[in-house]
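If you read the protein sequences in the order shown, they are chains A and B.
Position 146 of the first sequence, counted from 1, bears residue number 146 in full-length UniProt numbering, the numbering being contiguous throughout.
Position 74 of the second sequence, counted from 1, bears residue number 74 in full-length UniProt numbering, the numbering being contiguous throughout.
See below for the structure under consideration.
2 protein chains.
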Amino acid sequence: MTVQPKESEPRAASTMRSLSRAIEVFEQLQRYDHPQRLNQIAKDCGMSSPTTLRILRVLQEAGLVSQTDKNYRIGPAVLPAARVFLEADPLPRSARPILQQLAENTGLTASLYSRLGFERVLIERVVGAASLGYELPQGRRLPLTVGAAGKILIADLDEDQLAEVISAAVALKYEPEETTVEEIRRRLPEPGEDYAYSEDERATGVVSIAVSVPARTGAVTESIALTAPVHASSREDLVARVPELRHAARRLADLLASSVY
Amino acid sequence: MTVQPKESEPRAASTMRSLSRAIEVFEQLQRYDHPQRLNQIAKDCGMSSPTTLRILRVLQEAGLVSQTDKNYRIGPAVLPAARVFLEADPLPRSARPILQQLAENTGLTASLYSRLGFERVLIERVVGAASLGYELPQGRRLPLTVGAAGKILIADLDEDQLAEVISAAVALKYEPEETTVEEIRRRLPEPGEDYAYSEDERATGVVSIAVSVPARTGAVTESIALTAPVHASSREDLVARVPELRHAARRLADLLASSVY
DNA sequence: TTCTAAAATTTCATAGAATAAAACTCAATA
DNA sequence: TATTGAGTTTTATTCTATGAAATTTTAGAA
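See below:
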């Protein structure tokens, strides 16, 4: 069974084509390990080099892209933008005290993730007393198909949506080729369970449990997770924390709904 | 003497208009204290509401803008972009160990700033033993006309360029109306001095000294600063550190020049 | 609730910009 | 010096971005 190719996505009718293309370039630049040449970027984005060049120049003018020699990469202007987001957005602002309290009460690491496209992003994290042995920086992109906090974000999707997520996960190298919907579905929570669990999944030596943050729209886009070293917590220990997690998620949802903006 | 208005800027010929406009919207959103309505944004960017709406929708699709009710603000997608910048860009990567060493040797706080448009941005900072009594987060935008690290970035500008910087500083509320070039010029280093000094300037109770990082092009776009509580360091103390600062700046420039990309 | 004014959104004809082919320039390498 | 490939500029054409106007929605007042 093959997953559907990109062009089947029912994109909104052709609006702001050059802007959409610029965003594609901007996103593509974030995926490279190293700065890339014009022709490579053009090829990867499926556009001609003159067009790509003009986009890169405008982005560069704004500091969103920078260039050394003929190599392009993400520029410094993203830094102040992220600062604005972290200081002003109700999501990270509201999450901080809630994660803090979770971490204090449980001694575990508490994290808030947000779904962005076909990945999740670590928005905020408070490290608990029990060290995980690795660090995960704010803003890191992670898979949706791996790890409790990712899986709970896709637990409610229908077959088609899930297939799309998996297809993207393969393209992003998070999953091997030929990964099937069934394989992934087996990892996901059983119907009725409102939490996801993972053990040695995204990071080895680590267990994690996550719940989703109910959104006004009903579409789940945020999740809260507790993570512990595998030797320190059993599955039962973590499942026992679910009510507390659920409470934190509810509190966050309430805070977001009541935030003036 | 009045400074010239915006429209005199010799912008590159009308290329990628919708992209330039989108960037303008994106930048404008970063300047608001609170999320704003469509019409306000349209007005502040000088474009029609249908156009602004279409731009906001495309940006929102990518997560660069988010919306609650009718209010728009910067979205979460800037966070992973900033993460990529901090982890991959040679500027913050090379600066970290150099600032670390500066902070250790001097006991003071060492910072790297980058000029972005008509502001500077804190790229990296290592806090020294002597606390400054306040925190300055990575990515914060600060004025070019105030503070040693800002002033050294505009020390070499000609009259016209300086007038443009001041005009922008007034528009950004960093300087009062009617600020003259002469007033600012008096703050700047004397001709021949390759460092800038500030005392109780941007932050009270703090003295600072800064040198520029020589760039390949000759256009100065980065500066390194040492900052200390005013009671702990005299001007002479800081000036005595200039050779060390100069050395650090040179080392950074060399690292940047030799970084493969 | 209903009414009213303002804001948001959609529609649409037109102007004008984005596009890619092709020509050209430049740099690296043989 | 010739050759190759990448980057860049030019340009005719296509198609999209644009804002006025119409329409719908929202929010506040009565």
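Using N, Cα and C, we set each Cβ at its ideal position, and we do this for glycine too.
- [ ] Report yes or no: do three or more beta-carbon pairs, one from the region 113-122 of chain B and one from the region 177-197 of chain B, lie closer than 8 Å?
- [x] no
Task: Test: Met47(A) CB closer than 8 Å to a CB of chain B - done: no
TODO: Please confirm whether Ala103(A) and Val126(A) have their CB atoms less than 8 Å apart.
DONE: yes
- [ ] Look up Ile143(A) in the DSSP assignment and say whether it is helix, strand or coil.
- [x] Note on identity: in this sequence residue 143(A) is Pro, with Ile being the wrong assignment. If DSSP states are grouped into helix, strand and coil, Pro143(A) belongs with the strands.
Task: Residues sharing a beta bridge with Ala198(B), DSSP - done: Here the sequence assigns Ser to residue 198(B), which means Ala is not the residue at that position. Bridge partners of Ser198(B) according to DSSP: Ser208(B).
- [ ] Excluding the 5 residues preceding and the 5 following Ala22(A) in the sequence, name in chain order all residues of the same chain whose CB lies nearer than 8 Å to its CB.
- [x] Ile55, Val58 and Leu59
Open item on the list: Am I right that Ile154(A) and Leu188(A) are in contact with their C-beta atoms under 8 Å? What's the rounded C-beta distance?
Closed with: 7 Å
TODO: Would you kindly work out how many angstroms separate the C-alpha atoms of Gln138(A) and Ala149(A), rounded to a whole number?
DONE: 15 Å
TODO: Assign Asp69(A) to buried or exposed, taking buried as 16 or more other Cβ atoms, counted over all protein chains shown, within 10 Å of its Cβ.
DONE: With fewer than 16 other Cβ atoms within 10 Å, it is exposed.
- [ ] Label Ser20(A) either buried or exposed according to how many other C-beta atoms from any shown protein chain fall within 10 Å of its C-beta, with 16 as the threshold for buried.
- [x] buried
- [ ] Anything in the region 190-210 of chain B with a Cβ closer than 7 Å to a Cβ of chain A? List those residues in chain order, please.
- [x] none
TODO: Taking only beta carbons into account, state which residues of the region 70-81 of chain A come closer than 9 Å to chain B, listed in chain order.
DONE: Cβ contacts with chain B: Asn71, Arg73, Ile74, Gly75, Pro76, Ala77, Val78, Leu79, Pro80 and Ala81.
Task: CB contact below 8 Å: Asp89(B) versus chain A - done: yes
Task: Proximity of Arg73(A) and Asp89(B) at Cβ, strictly below 8 Å - done: yes
- [ ] Give the straight-line distance between the Cα atoms of Thr221(A) and Gly192(A), rounded to the nearest whole angstrom.
- [x] 19 Å
Task: As assigned by DSSP and simplified to three states, the class of Ser20(B) - done: helix
Open item on the list: Distance cutoff 8 Å, beta carbons only. Does Phe118(B) sit that close to anything in chain A?
Closed with: no
Task: Same chain, Cβ closer than 8 Å to Ser66(B), neighbours up to 5 away in sequence not counted - done: Gln60, Tyr72, Arg73, Ile74, Gly75 and Pro76
TODO: Determine the DSSP secondary structure at Arg96(A), reduced to helix, strand or coil.
DONE: helix
TODO: Output the distance between the C-alpha atoms of Val213(A) and Ser223(A), rounded to the nearest integer angstrom.
DONE: Val213(A) and Ser223(A) have their C-alpha atoms spaced approximately 5 Å apart.
- [ ] Please list, in chain order, all residues of the same chain as Pro143(B) whose beta carbon is under 8 Å from its beta carbon, the five residues on each side excluded.
- [x] Excluding residues within five positions, the ones whose Cβ falls inside 8 Å are Glu119, Arg120, Gly150, Ala169, Leu172, Tyr174, Glu175 and Arg202.
- [ ] Can you tell me which of the three DSSP states Pro229(B) falls into?
- [x] strand
Task: For Thr106(A), the three-state DSSP class (helix, strand or coil) - done: Residue state, collapsed to three classes: helix.
Open item on the list: Comparing C-alpha positions only, which one of Glu244(A), Thr227(A) and Arg115(A) sits nearest to Asp194(A)?
Closed with: Residue nearest to Asp194(A) within the set Glu244(A), Thr227(A) and Arg115(A) is Glu244(A) (criterion: CA-CA distance).
Open item on the list: Suppose only complete runs of 3+ residues qualify. What are the beta strand (DSSP E) ranges in the region 128-181 of chain B, listed by chain order?
Closed with: The qualifying runs are 141-143.
Open item on the list: Restricting to runs no shorter than 4 residues, where is the alpha helix (DSSP H) found entirely within the region 68-96 of chain A?
Closed with: 78-88
TODO: Taking Ile209(B) and Val230(B) to be in contact with their CB atoms under 8 Å, please state how far apart those CB atoms are, rounded to whole angstroms.
DONE: That pair is no contact at about 13 Å.
Open item on the list: Does any residue of chain B have a CB that is nearer than 8 Å to the CB of Gly139(A)?
Closed with: yes
TODO: Take Gln30(A) as the anchor and find which of Ala95(B), Glu135(B), Arg83(B) and Arg93(B) has the nearest alpha-carbon.
DONE: Nearest C-alpha to Gln30(A): Arg83(B).
- [ ] Give the DSSP bridge partners of Leu120(A), in chain order.
- [x] Note that residue 120(A) is Arg in the sequence shown here, rather than Leu. Looking at the DSSP assignment, Arg120(A) forms a beta bridge with Arg115(A) and Leu142(A).
Open item on the list: Taking the alpha carbon of Val242(B) as the reference point, which residue from Ala257(B), Ala225(B) and Ala232(B) has its own alpha carbon closest?
Closed with: Ala225(B)
Open item on the list: Measuring only the C-alpha atoms, how far is Leu252(B) from Tyr113(A)?
Closed with: 35 Å
Open item on the list: Judging by CA-CA distance, which residue of Tyr134(B), Gln28(B) and Glu124(B) is the nearest neighbour of Arg93(B)?
Closed with: Selection Tyr134(B), Gln28(B) and Glu124(B) evaluated against Arg93(B) yields Glu124(B) as nearest (Cα-Cα).
Task: Whole-angstrom C-beta distance between Ile152(A) and Ala248(A), which should lie under 8 Å - done: That pair is no contact at about 14 Å.
Open item on the list: Please classify Gly128(B) as buried or exposed, where buried requires at least 16 neighbouring CB atoms within 10 angstroms.
Closed with: buried
- [ ] Since I believe Thr52(A) is in contact with Leu64(A) (beta carbons under 8 Å), could you give me their beta-carbon distance rounded to a whole number of angstroms?
- [x] In fact, because the Cβ distance is near 14 Å, the residues do not count as touching under 8 Å.
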